[in-house]
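Worksheet for the structure shown next.
Residue numbers (our numbering): 11 to 177.
Okay, structure coming up:
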């Protein structure tokens, strides 16, 4: 097994972790995919094909990150949800991750968001509605980023096949 095969295997594993990281916030996500694509372009031995795959894959990665941020941010602004509520949700999500295995991050985020919105609005039904909208916006952003991360991963797989056939 030569160094290029080892690099390809390691990059494939890192890309898989990156794709999972777009859904599981504890893991690195799109940035890891981009770094893996770059590493494969440099050390994977695919030559010009590697750089084309890197460029196409990075288009998907950047589009996913940007779309996630824009879609989520726009929805949060539409519903008048302040950054403070999202930040409190994130902090309680991290705490929840250690308190409740597996689902604690998501439960903590939702509870933190709801508590912050109850404190802000002083109206439980309104807080419940705005928290639900924030969770939906976050979910849509995650799904879009996940889809584009899968497209970047697929691009890399196609590149590996092209390199193997031409190799």
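Note that CB positions come from ideal geometry on N, CA and C, so glycine has one too.
Sort the options by Cα distance to residue i and report the nearest one.
{"i": "residue 48", "options": "162, 112, 176 and 177", "result": "162"}
{"i": "residue 174", "options": "60, 44 and 33", "result": "60"}
{"i": "residue 106", "options": "36, 17 and 27", "result": "36"}
{"i": "residue 50", "options": "34, 38 and 68", "result": "68"}
{"i": "residue 183", "options": "29, 135, 12 and 46", "result": "This structure cannot settle anything about residue 183, because the visible part of the chain is limited to 11 through 177."}
{"i": "residue 74", "options": "121, 152 and 169", "result": "152"}
{"i": "residue 81", "options": "177, 154, 176 and 160", "result": "154"}
{"i": "residue 31", "options": "177, 156 and 18", "result": "156"}
{"i": "residue 150", "options": "79, 113 and 18", "result": "79"}
{"i": "residue 172", "options": "108, 58, 110 and 38", "result": "58"}
{"i": "residue 131", "options": "89, 160 and 109", "result": "89"}
Locate the alpha helix (DSSP H) running through residue i, then write down its first and last residues.
{"i": "residue 71", "result": "58-88"}
{"i": "residue 36", "result": "No alpha helix (DSSP H) contains residue 36, which DSSP labels as neither H nor E."}
{"i": "residue 152", "result": "134-176"}
{"i": "residue 113", "result": "Counting along the chain, residue 113 falls outside any alpha helix (DSSP H), and DSSP gives it neither H nor E."}
{"i": "residue 19", "result": "13-31"}
Going by the beta-carbon positions, is the gap between residue i and residue j smaller than 7 Å?
{"i": "residue 147", "j": "residue 85", "result": "yes"}
{"i": "residue 126", "j": "residue 167", "result": "no"}
{"i": "residue 70", "j": "residue 158", "result": "yes"}
{"i": "residue 144", "j": "residue 115", "result": "no"}
{"i": "residue 55", "j": "residue 43", "result": "no"}
{"i": "residue 165", "j": "residue 33", "result": "no"}
{"i": "residue 91", "j": "residue 40", "result": "no"}
{"i": "residue 179", "j": "residue 103", "result": "No answer is possible for residue 179: the residues shown for the chain start at 11 and end at 177."}
{"i": "residue 53", "j": "residue 15", "result": "no"}
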